[in-house]
Amino acid sequence: MATIWLLSVIFLTCLLLAAFKRKKQQRGPPSPPGFPIIGNLHLLGDLPHQSLWRLSKKYGPVMFLKLGRVPTVVVSSSETAKQALKTHDINCCSRPSLTGPRELSYNFLDIAFSPYDDYWKEVRKLCMQELFSAKRVHSIQPIKDEEVKRLIGSVTESASSKSPVNLSEKFLDLTVNVICKAAFGLSFHETVLNNDRFNKLIHEAFLFMGNFAASDFFPAGGWIIDRLTGLQGLRERSVRGLDDFYEQMFDLHKQGNKDGVEDFVDLLLRLEKEETVVGYGKLTRNHIKAILMNVLLGAIDTSTISMTWAMAELIRDPRAMKKVQSEIRNQMENRSVITLDDIDQLPYLKMVIKETWRLHPPAPLLVPREVMSEFEIDGYKIQPKTLLYVNAWAIGRDPDTWKDPEVFLPERFIDNNIDAKGQNFELLPFGSGRRICPGMYMGTTMVELGLANMLYQFDWKLPEGMVVEDIDMEESPGLTVGKKKELLLVPVKY
């Protein structure tokens, strides 16, 4: 009798657990209350990654939102990110297409946000082989060395006059010059665009792509709202500016390559001329512009942001600053310029960079994905056509993963195998899975070289009258999130 009673209890318990799981799946992830039409759009704020982080504390690491007419899921823990980006990567590796009034032509912009298809696979393979492979990154080392020397010379002039240096601007110039020479085969100074105009163009592009546009969530008439708020005008102005830049670049390449070496743009123009089929059709001029847009925006702003945040954190932490400079100077001794081959001798510098990425991932919500087929995260069903965000910023501040998560502490990576290559979901500056950033290696080496040389060549002080507490660490809005106020520091030649 007792055995029958025990079996009955076990059977009923199993039934209840199964019913609970079915109910959980049916109701979907927890969701904050919303309003008719706009849904939860009002909850996003100027810095959506921070707003979503606060909401996740109440509603959990898998959260459903209705952004206008668009169903959206946000995951905010390393475990849920792993389920989305590894276990179910094939189910959600597409990209949402940009929307907007069809009378406006964003041809190359639409292509840049291509879905997961044969075209995307072939273009990614092409970029990896010709631009982002370790062999290619090492081959452009002379370009990096030249531009680093130029940067050191420029900062040395400021050190002589004891005047502050805008490091946000200096790091941007360094990255732009390297990418233009390495990827586009031309010196930035050969273009019609001056530095200020080009920097503004890059900033505006990230601003409009990172904003939650009404046209993305209200396809029928959201563009009217975007027009009234100025976002539509910003988008048009930015796209025209980028288009002018690409056309100027093509004209320069048509004039002939002086050294006879085919660069990445030459290769793409040759494939266009040969009417090469890529994926679903022939490679066109708009396809080339889309590829270059991903290279340009993906490589430039993210590296600049990382170097700026790292210097901001170090100037606020004299202990860490002294430790990383001592490591570099003891190892490098009398080098004139630190090169890529030297970086492996600088483990603490690598910890500083990983800690910077933990607190300040360049793209805090990564780039959104679109669910292609149904799957589950934590038992919740995620439906096709759902927009999926991974809040890397929230994951980096998860107290279940990181002790004292708000504290800048590079030493937390001592005897810690977590890296930023997409296999450790506690740290995702470049994403993971099929959509991981293809320029990860190039970006990492750019940050390492820029920081190593600035920390080796100079000591750094705050401008006169400033104290550490005066440093503004507020973030700027956009697809990538940099420091809202530019970082001004006074260099002292070592």
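One rule links them: number in our numbering = place in the sequence shown (from 1) + 49. We put the beta carbon where it would ideally sit given N, CA and C, even for glycine. The structure presented is a predicted model; accordingly, all values stated were derived computationally and were not measured.
If you draw a straight line from the alpha carbon of residue i to that of residue j, how long is it in whole angstroms?
i       : j       : result
Ser-287 : Glu-253 : 6 Å
Thr-148 : Ile-273 : Note that Thr-148 has pLDDT 46, beneath the 50 cutoff, so the model's placement of it is unreliable and no number is given.
Ser-127 : Lys-107 : 17 Å
Glu-523 : Ala-263 : 25 Å
Ile-364 : Lys-403 : 17 Å
Val-310 : Gln-297 : 20 Å
Arg-151 : Lys-452 : Residue confidence for Arg-151 is low, a pLDDT of 33 falling below 50, so the modelled location carries little weight; the figure read from the coordinates is stated next. Computed Cα separation, rounded: 49 Å.
Ala-443 : Asn-248 : 29 Å
Leu-536 : Leu-500 : 14 Å
Ser-154 : Asp-292 : Unreliable positioning characterises Ser-154 in this predicted model, as indicated by a pLDDT of 39, which lies under 50. A coordinate reading is not provided.
Asp-166 : Ala-183 : 25 Å
Asp-312 : Ala-231 : 8 Å
Pro-448 : Ala-441 : 14 Å
Leu-498 : Gln-380 : 15 Å
Val-373 : Val-516 : 21 Å
Tyr-543 : Ile-387 : 14 Å
Arg-173 : Asp-519 : 44 Å
Lys-533 : Phe-479 : 21 Å
Met-370 : Met-360 : 9 Å
Thr-333 : Met-495 : 31 Å
Gly-270 : Pro-433 : 24 Å
Arg-484 : Leu-346 : 16 Å
Leu-101 : Leu-93  : 7 Å
Gly-514 : Val-186 : 42 Å
Lys-72  : Glu-321 : No answer about Lys-72 holds up, because its pLDDT of 48 lies below 50 and its placement is not dependable.
His-302 : Leu-277 : 39 Å
Thr-325 : Ile-337 : 12 Å
Gly-88  : Asp-265 : 14 Å
Gln-74  : Thr-493 : Confidence is the limiting factor: at Gln-74 the pLDDT is only 46, short of 50, which leaves the residue's position unreliable and the question unanswerable from this model.
Lys-219 : Gln-506 : 15 Å
Phe-84  : Gly-117 : 9 Å
Leu-395 : Val-401 : 10 Å
Ser-207 : Tyr-295 : 34 Å
Phe-267 : Ile-86  : 9 Å
Given a cut-off of 8 Å on the beta-carbon distance, is the pair residue i and residue j in contact?
i       : j       : result
Val-314 : Asn-502 : no
Glu-419 : Leu-436 : yes
Cys-229 : Ile-340 : no
Leu-221 : Leu-538 : no
Lys-193 : Val-225 : no
Asp-138 : Gly-482 : yes
Pro-526 : Asp-95  : yes
Going by DSSP, what residue range makes up the alpha helix (DSSP H) through residue i?
i       : result
Pro-367 : 367-381
Ile-228 : 216-233
Lys-184 : 183-188
Cys-544 : Because the chain spans 50 through 543 in this model, residue 544 falls outside it and cannot be assessed.
Ile-520 : Counting along the chain, Ile-520 falls outside any alpha helix (DSSP H), and DSSP gives it neither H nor E.
Met-298 : 280-303
Leu-389 : It is not in any alpha helix (DSSP H) - Leu-389 carries neither H nor E in the DSSP assignment.
His-98  : 97-108
Mind checking which residues open and close the beta strand (DSSP E) that includes residue i?
i       : result
Glu-425 : 424-426
Phe-507 : 507-510
Met-112 : 111-116
Pro-540 : 537-542
Pro-120 : 119-124
Lys-430 : 429-431
Leu-528 : Per DSSP, Leu-528 belongs to no beta strand (DSSP E) and is neither H nor E.
Tyr-438 : 436-439
Can you round the beta-carbon distance between residue i and residue j to whole angstroms, since I take them to be within the 8 Å contact cut?
i       : j       : result
Ser-125 : Ser-105 : 4 Å
Pro-417 : Tyr-438 : 6 Å
Leu-476 : Ala-469 : 5 Å
Thr-529 : Phe-233 : Incorrect: roughly 20 Å between the Cβ atoms, too far for contact.
Ile-377 : Leu-180 : Wrong, their Cβ atoms sit about 29 Å apart, outside the cutoff.
Gly-330 : Glu-171 : With 8 Å as the limit, Gly-330 and Glu-171 do not qualify as a contact, their Cβ atoms being about 11 Å apart.
Gly-531 : Ile-349 : With a Cβ gap of about 12 Å, Gly-531 and Ile-349 do not count as contacting.
Thinking just about the alpha-carbon of each residue, which of the options is nearest to the one in residue i?
i       : options                            : result
Pro-540 : Leu-200, Val-123, Asp-350, Ser-100 : Leu-200
Val-119 : Leu-90, Pro-448, Ala-441, Val-416  : Leu-90
Met-489 : Ser-207, Thr-351, Thr-136, Asn-440 : Thr-351
Leu-414 : Leu-116, Pro-97, Pro-448           : Pro-97
Pro-82  : Phe-113, Gly-94, Gln-99            : Phe-113
Glu-423 : Gly-88, Ser-80, Ala-133            : Ala-133
Trp-358 : Lys-371, Asp-449, Trp-406          : Trp-406
Asn-465 : Leu-277, Ile-349, Val-214, Tyr-397 : Tyr-397
Gly-428 : Gly-202, Val-111, Leu-92           : Val-111
Val-214 : Pro-526, Asp-519, Gly-527, Lys-510 : Lys-510
Asp-390 : Thr-224, Trp-169, Ile-189          : Ile-189
Gly-290 : Gly-445, Leu-250, Phe-474          : Leu-250
Pro-79  : Arg-185, Val-122, Gln-99, Pro-85   : Val-122
Leu-316 : Ala-130, Gln-178, Gly-202, Lys-131 : Gln-178
Kindly say whether residue i, judged by its beta-carbon, lies nearer than 8 Å to any beta-carbon of chain B.
i       : result
Gly-270 : Considering every chain present, this structure includes no chain B. It has just one protein chain.
Cβ of residue i within 7 Å of any heavy atom in the ligand SAH?
i       : result
Cys-141 : Ligands are entirely absent from the displayed structure, and the ligand SAH is therefore not among its contents.
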